[in-house]
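Enquirer: When we follow my numbering, the leftmost residue of the sequence shown carries the number 130, and every step to the right adds one. Even glycine gets a Cβ: it sits at the ideal position worked out from N, Cα and C.
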Amino acid sequence: MDSQDVLYEDEIPGGKHWSFTIRRGTVLRLIDREGGANVGMLFYNPQNPLERYNAPDTLKCQHTFKLTAGHCLYSDMGRIFCSVVEDTAGWHDTVCGNSTKALVAERWGHKDYQAHRNDWTLNGHDSFLVEAAKYGLGRRDLAANVNWFSTVRTEEDGTLVFDPSAAKASAHVDLRFEMDTLVLLHTCPHPLNPAAEYPRKPILYQFRKAEPVAEDDACKTARPENGRGFANTHLYHLCG
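1) How long is the line joining the alpha carbons of residue 357 and residue 345, rounded to whole angstroms?
2) Which word fits residue 169, buried or exposed, when buried means at least 16 other C-beta atoms lie within 10 angstroms of its C-beta?
3) Let's see if you can read the secondary structure: which residues bound the alpha helix (DSSP H) around residue 365?
4) Look at the alpha carbon of residue 308 and the alpha carbon of residue 201, and state the distance between them as a whole number of angstroms.
5) Under 8 Å, with one C-beta from each stretch per pair, do the segment 297-308 and the segment 250-259 reach the 3-pair mark?
6) Run through the DSSP bridge pairs and tell me what residue 86 is partnered with.
7) Could you tell me the boundaries of the alpha helix (DSSP H) in which residue 233 lies?
8) Output the boundary residues of the alpha helix (DSSP H) element that contains residue 260.
9) Along the chain, where does the beta strand (DSSP E) containing residue 188 start, and where does it finish?
10) List the whole-angstrom C-beta distance separating residue 205 from residue 186, where the pair is believed to meet the contact cut-off of C-beta under 8 Å.
11) Would you mind reading off the limits of the beta strand (DSSP E) that contains residue 348?
12) So for residue 279, helix, strand or coil by DSSP?
13) Going by C-alpha to C-alpha distance, which of 324, 304, 144, 321 sits closest to residue 152?
14) Using a threshold of 8 Å, state whether the C-beta atoms of residue 331 and residue 143 are closer than that.
15) Nearest-angstrom Cα distance between residue 252 and residue 195?
16) Indicate the three-state DSSP secondary structure (helix, strand or coil) for residue 178 in the structure shown.
17) Report the rounded CA-to-CA distance for residue 370 versus residue 289, giving the unit in angstroms.
18) Do you know how far the Cα of residue 353 is from the Cα of residue 315?
19) Go ahead and label residue 335 buried or exposed: buried means 16 or more other beta carbons lie within 10 angstroms of its beta carbon, across all protein chains shown.
20) Do the segment 241-249 and the segment 146-166 touch if we need at least three Cβ pairs shorter than 8 Å?
21) Roughly how many angstroms lie between the CA atoms of residue 199 and residue 275, to the nearest whole one?
22) Do the CB positions of residue 210 and residue 291 come within less than 8 Å of each other?
23) Rounded to the nearest angstrom, what separates residue 278 and residue 141 at their Cα positions?
24) Starting from the C-beta of residue 236, find all residues in its chain whose C-beta is less than 7 Å away, skip the five residues before and the five after it, and write them out in chain order.
See below:
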């Protein structure tokens with residue numbers, strides 16, 4: 130991507146959280162600067178926050194266990210929030226959920242803001258709640274989230290295993306948004322991360338204008354269900 134195409138960029142330190150509303154027709158690029166980052170993310174329709182990201186529908190309608198280029202991320206209304214149009218990481222988790230205060234304390238120890246200031250140990254669940262509250266959302270509005278840059282494979286017996294070797298420095302993923310979308314995100318550790326120390330891995334995010342979606346678009350044609358998802362999203366825009 131040419132740097133002249135970047136409309137805005139910023140860095141989010143590891144173990145922090147943020148949110149924004151992104152417009153339809155915008156590409157969000159996430160960059161794992163050092164390797165080993167995790168970006169927990171949730172999606173909502175800002176016009177109707179009851180419509181939100183649906184991980185089960187996203188996986189089953191595309192016959193996949195992971196997210197990568199060519200996949201679409203669905204709402205619980207059968208519409209597409211965004212499409213993964215480019216991906217150099219190759220595998221992103223959306224089944225393992227979020228870290229919690231208890232999990233972080235057990236694995237890495239408890240550090241609060243009063244004593245440790247910016248080095249306190251945040252968790253994904255509470256980070257989502259802080260960001261959700263800015264838009265009048267709460268605990269009951271949380272759903273299964275994406276974990277960008279985190280690879281989780283399955284053993285023969287079904288055990289889920291986190292693969293720390295898969296996270297490479299400078300890997301990126303591009304999300305093209307098909308709807309106006311409220312995005313909540315955090316850079317707290319993946320719940321299965323086995324690191325000895327609390328991982329504080331920063332990410333860079335960039336906005337740029339997306340090209341129009343072509344009839345032979347790789348995400349649109351990857352599965353018949355995706356074609357129907359794009360049609361549902363188109364109808365939503367026609368109806369205002």
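Expert: According to the structure shown:
1) Between residue 357 and residue 345, the C-alpha separation is close to 14 Å.
2) It counts as buried.
3) In the DSSP assignment, residue 365 falls within the unbroken alpha helix (DSSP H) covering 353-367.
4) Rounded to whole angstroms, residue 308 and residue 201 show a C-alpha spacing of 12 Å.
5) Counting Cβ pairs under 8 Å, fewer than three are found: no touch.
6) One cannot answer for residue 86 here, as it falls past the ends of the chain, which runs 130 to 369.
7) Counting along the chain, the alpha helix (DSSP H) containing residue 233 begins and ends at 230-237.
8) Here the alpha helix (DSSP H) through residue 260 covers 253-262.
9) Per DSSP, residue 188 belongs to no beta strand (DSSP E); it is in the alpha helix (DSSP H), 184-189.
10) Contact flag correct, Cβ pair sits at about 7 Å.
11) Per DSSP, residue 348 is not a residue of any beta strand (DSSP E); the alpha helix (DSSP H) it occupies stretches across 347-350.
12) In the structure shown, the three-state DSSP call for residue 279 is coil.
13) When only C-alpha atoms are compared, the closest one is 304.
14) Residue 331 places its beta carbon less than 8 Å from that of residue 143.
15) Rounded to the nearest angstrom, the two C-alpha atoms are 23 Å apart.
16) Three-state result, residue 178: strand.
17) Past the boundaries of the shown model lies residue 370; the chain is included only from 130 to 369, so the question cannot be answered.
18) Cα to Cα, residue 315 sits roughly 32 Å from residue 353.
19) With 16 or more Cβ atoms within 10 Å of its Cβ, residue 335 is classed as buried.
20) No: the two stretches stay apart, fewer than three of their Cβ pairs being nearer than 8 Å.
21) Those two C-alpha atoms are separated by around 16 Å.
22) In this structure, residue 210 keeps its C-beta atom at 8 Å or more from the C-beta atom of residue 291.
23) Taking the straight line from one Cα to the other gives about 15 Å.
24) Once the five neighbours on either side are set aside, residue 236 has no close Cβ partner at all.
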